[in-house]
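Here the structure is laid out as structure tokens; the discussion comes afterwards.
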Amino acid sequence: MICKNLVWSVLSASIAIASAASTASAADALSLQTRSRAPVDGADGQFKIVYKTVHWAPEKTAIIVCDMWARHWCDGACDRGSQLAPRMNRFVTEARKRGVLIVHAPSSGMKHYADHPARKRATDAPKAGNVPKGMGGWAGLLPHEKKEDWPIDQSDGGCDDQPKCPSRPMDVHQTAAIEILDEDAISDSGVECWNLFEQRGIDNVILLGVHTNMCVIGRPFGLRSMVRVGKNVLLVRDLTDTMYNSRSEPQVSHVRGTELIVEYIEKHVCPTIASTALLPGPAVRFKEDRRPHVAMIVSDDHYDADKTLPAFAQMLRERYGLHCTVHHGEGKSDFPAMDDLPDADVMVLFIRRLALPEKQLATVRKYLDSGKPLVGLRTASHAFDVKGNAPEGCAEWRDFDPQVLGGSYHGHGSNTTGTDVALVRGPGGHPIIDGIEPAKWHSKGSLYFAAPIDKAATLLMNGTSDGKTEPLTWTRSYKNARVFYSSLGHPDDFGQKPFRTMLVNALFWAMDRPVPEVN
Ligand SMILES: [Zn+2]
């Protein structure tokens, strides 16, 4: 018995050590949810948004901090830089802790660092004999970019201030807000970076800094150059800024101008990540970004919400001027950017039977408790119900449907019959059904059985299938929050105009804002 216990305790100790070791390495590895845009087959000029998680070994990864100068000639650029720098510092601090090489690249500022150990690390790296041609200069367009249109006019230098900032000397030290440690490297040279990366076997390069449309993309150590020499390259999309004058074409806000450049990069240069990939707390939003924020929580189960909603979010950015974030679970019940949620003006929920990590579900509860609105689609009625099988550390919310949405989902009708949709109020009956034409249509989605719904709910649409009629779309209040729910949301619905009108109207109704006129 003693012997058996001893064996067991030795065994369990070794299991504990093994699991601690594997936990440590899993924690140290960089799991980065990337976003890119891929051409849609057969649809010229159209792109789909693609999310993918990559796992990079920290010791094979470098972060390059591009041109975070102490003083730029443009005041607006300086102000936005000072908003970015603290989170950049936290980002590189976390990455360094995990074993990533940090390269500080304040271009033209090398003379200030001549005696710095981090500068010597770059200059003393053994000269690699295989420096690719072109590493010494600015990178031109990648071959496939040559036929693409650049999304903004930056020909005036991109100062967004009025009056325009005068030309003045810059301070090309790196801003003191981003700490340089002796173990880092300092270089503004593509060749030195190449030598450093060869010495250390670095295959993966993450860029952050300014300005996305100039130095970040074009410097000898920039995105294009690193892509051209075969590195795996990522841009941190919320730790960058563009030189763009919002009075220049296409005359969008400064923050939208930066997004246009980020979207261009995601289409033609490399994927991006958000700083939430490594850090808790929300991604950076510039204080001048006053666009309403739509946060979408989506999963890819059953109805392709991970494809339909990112595309819808893109339409909302382009046509309605909204700031949209998409929280994508990638088949897991983990939404690492959930710390963005408190900033949201409306949450869109389209997930199915996921038990969230306790902290993330608490964030959802807190959001709703604060009186902020919710737009729930289709499987949102059983979003957090895993029938009592929540994994350890995760929590479910089985009564979410009756408590928050005001429904009582209990199954659905035939998948082949679809649903006949009908408005139950006439024109002027409710802002959400204003402008919806026609008043009846057919959805390919099966009918959800949702009755009975909350007596205080405002019913907007019914659905009928195989002779059975059910409440389909309604609004209600949860605590002080405006709640909209529709069991529509089949991928085919997103192609139907009345559904799209309904969803736009619902978002603006939830935020208590008028729907803007669009072309
Ligand atoms: Zn300026």
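Heads up: the sequence shown runs through residues 555 to 1073, numbered per our numbering. The C-beta atom is built at its ideal place from N, Cα and C for all residues, glycine as well. These numbers were taken from a predicted model, which means no experiment stands behind them.
With Y818 as the anchor, note down where its alpha helix (DSSP H) starts and where it stops.
Residue numbering aside, residue 818 sits at position 264 when the sequence shown is read from its first letter. Run containing Y818: 808-822, per the alpha helix (DSSP H) assignment.
Applying the criterion that 16 or more other CB atoms from any shown protein chain within 10 Å of the CB defines a buried residue, is L761 buried or exposed?
Reading the sequence shown from its first residue, position 207 is the one you call residue 761. Buried is the call here.
So, is S662 buried or exposed, given that buried needs 16 or more other C-beta atoms within 10 angstroms?
Counted from its first residue, the sequence shown places residue 662 at position 108. Classification of S662: exposed, given that the 10 Å Cβ count is below 16.
Straight-line CA distance for F1053 to A976?
Looking up residue 1053 in the sequence shown gives position 499. Looking up residue 976 in the sequence shown gives position 422. The straight-line gap from Cα to Cα measures roughly 11 angstroms.
Using only CA atoms, which one of S779, H765, E733, T826 lies nearest to G743?
Here residue 743 refers to the residue found at position 189 of the sequence shown. Checking the sequence, you will find Ser at residue 743 rather than Gly. Of S779, H765, E733, T826, the residue nearest in Cα terms is S779.
Apply the 10 Å Cβ neighbour rule to A1010 and answer buried if 16 or more other Cβ atoms are within range, or exposed otherwise.
For the purposes of this step, residue 1010 is taken as residue 456 along the sequence shown, with counting starting at 1. The residue is exposed, with fewer than 16 neighbouring Cβ atoms inside 10 Å.
Three-state class that DSSP yields for E746 in the structure shown
Looking up residue 746 in the sequence shown gives position 192. It is helical.
Buried or exposed: R844, going by 16 or more other Cβ atoms within 10 Å of its Cβ?
On the sequence shown, residue 844 is found 290 positions in, with the first residue counted as 1. Classification of R844: exposed, given that the 10 Å Cβ count is below 16.
Between which two residues does the alpha helix (DSSP H) carrying S779 extend?
As a first step, residue 779 must be located in the sequence shown, where it is residue number 225. Per DSSP, S779 belongs to the alpha helix (DSSP H) from 777-782.
If you follow the alpha helix (DSSP H) that C632 is part of, which residue opens it and which one closes it?
Working through the sequence shown from its first residue, we reach residue 632 at position 78. Unbroken alpha helix (DSSP H) run through C632: 629-651.
What are the boundary residues of the beta strand (DSSP E) that includes L931?
The residue you call residue 931 lines up with position 377 of the sequence shown. It spans 928-931 - the beta strand (DSSP E) in which L931 sits, taken as one unbroken run.
For ligand 1, which residues have a Cβ under 7 angstroms from at least one heavy atom, in chain order?
C628, D629, G630, A631, C713, D714, D715, K718, C719
Would A1064 be called buried (16 or more neighbouring beta carbons within 10 Å of its own) or exposed?
By 1-based counting over the sequence shown, the position of residue 1064 is 510. Classification for A1064: buried.
When you compare only the Cα positions, how much space is there between A580 and I732?
Counting from one through the sequence shown, the residue named residue 580 turns up at place 26. Counting from one through the sequence shown, the residue named residue 732 turns up at place 178. Since pLDDT at A580 reaches only 46, below the 50 mark, its modelled position is unreliable, and the value read off the structure follows with that caveat. Distance between the alpha carbons of A580 and I732: 27 angstroms.
Could you give the DSSP three-state label for Q914: helix, strand or coil?
Translated into the one-based positions of the sequence shown, residue 914 becomes position 360. Helix.
K687 - partner residues in DSSP beta bridges
As a working mapping, residue 687 is identified with position 133 in the sequence shown. DSSP lists no partner for K687.
To the nearest angstrom, how far is the alpha carbon of Y667 from that of V764?
Within the sequence shown, the letter at position 113 stands for residue 667. Within the sequence shown, the letter at position 210 stands for residue 764. Rounded to whole angstroms, Y667 to V764 spans 20 angstroms at the Cα level.
Buried or exposed: where does A1060 fall if 16 or more other Cβ atoms within 10 Å of its Cβ makes it buried?
What you label residue 1060 is simply residue 506 of the sequence shown in a count that begins at 1. Taking all protein chains in view, the Cβ of A1060 is crowded by 16 or more other Cβ atoms within 10 Å, so the residue is classified as buried.
Can V787 and L777 be called in contact, C-beta distance under 7 angstroms?
Along the sequence shown, read from residue 1 onward, the residue named residue 787 stands at position 233. Along the sequence shown, read from residue 1 onward, the residue named residue 777 stands at position 223. Yes. Within cutoff.
Euclidean distance between Cα positions of H847 and G683
For this step, residue 847 is matched to residue 293 along the sequence shown. For this step, residue 683 is matched to residue 129 along the sequence shown. For H847 and G683, the distance between alpha carbons rounds to 50 angstroms.
Would a C-beta distance cut-off of 7 angstroms place R675 and L833 closer than the cut-off?
Taking the sequence shown and counting its residues from 1, one reaches residue 675 at position 121. Taking the sequence shown and counting its residues from 1, one reaches residue 833 at position 279. In this structure, L833 does not lie closer than 7 angstroms to R675 by Cβ.
Is it buried or exposed for A597, if we count other Cβ within 10 angstroms and need 16 for buried?
Counting from 1 along the sequence shown, the entry for residue 597 is found at position 43. Flag for A597 reads exposed.
How big is the Cα-Cα spacing for G711 and E752?
Along the sequence shown, read from residue 1 onward, the residue named residue 711 stands at position 157. Along the sequence shown, read from residue 1 onward, the residue named residue 752 stands at position 198. Those two C-alpha atoms are separated by around 35 angstroms.
Excluding the five sequence neighbours on either side, which residues of its own chain have a C-beta within less than 6 angstroms of the C-beta of V902, listed in chain order?
Start at 1 with the first residue of the sequence shown, and residue 902 comes out as number 348. So the list reads M850, V929, once near-sequence residues are dropped.
Going by DSSP, name the residue or residues bridged to E1024.
Indexing the sequence shown from 1 puts residue 1024 at position 470. Beta-bridge pairing links E1024 to G1017.
Please state the DSSP three-state secondary structure of L1061.
The residue labelled residue 1061 in the question sits at position 507 within the sequence shown. Here L1061 sits in helix by DSSP.
Examine ligand 3 and report whether any of its heavy atoms sits within less than 6 angstroms of the Cβ of V646.
This structure lacks ligand 3; the ligands present are ligand 1.
If you drop the 5 nearest sequence neighbours on each side, which residues of the same chain put their C-beta closer than 8 angstroms to that of L893?
The sequence position of residue 893 within the sequence shown is 339, counting from 1. This sequence places Asp at residue 893; Leu is not what is there. T830, P834, G835, P836, T917, listed in sequence order.
Should A672 and I734 be called a contact, given that it needs their Cβ atoms to be closer than 7 angstroms?
Mapped onto the sequence shown, residue 672 falls at position 118. Mapped onto the sequence shown, residue 734 falls at position 180. Contact: yes.
Pairwise C-alpha distance: S968 and A574:
Along the sequence shown, read from residue 1 onward, the residue named residue 574 stands at position 20. Along the sequence shown, read from residue 1 onward, the residue named residue 968 stands at position 414. Low confidence applies here, because A574 scores a pLDDT of 37, under 50, leaving its location unreliable; read the following figure in that light. Roughly 49 angstroms between the two C-alpha positions.
Same chain, Cβ closer than 6 angstroms to A616, five either side skipped, listed in chain order
On the sequence shown, position 62 is the one that residue 616 refers to. Here the set comprises L655, V657, I756, V759.
Whole angstroms is fine: what's the gap from T973's alpha carbon to R979's?
The residue labelled residue 973 in the question sits at position 419 within the sequence shown. The residue labelled residue 979 in the question sits at position 425 within the sequence shown. Spanning the two alpha carbons is a distance of roughly 18 angstroms.
Nearest-angstrom Cα separation, counted from G961 out to T933
Taking the first residue of the sequence shown as position 1, residue 933 is located at position 379. Taking the first residue of the sequence shown as position 1, residue 961 is located at position 407. So the alpha carbons of these two residues sit roughly 12 angstroms apart.
Pairs of beta-carbons, one from the region 616-634 and one from the region 584-602, closer than 8 angstroms: are there three or more?
Judged by Cβ distances under 8 angstroms, the region 616-634 makes no contact with the region 584-602, as fewer than three pairs qualify.
Taking the alpha helix (DSSP H) that A672 falls in, what are its first and last residues?
The residue you call residue 672 lines up with position 118 of the sequence shown. Residues 671-678.
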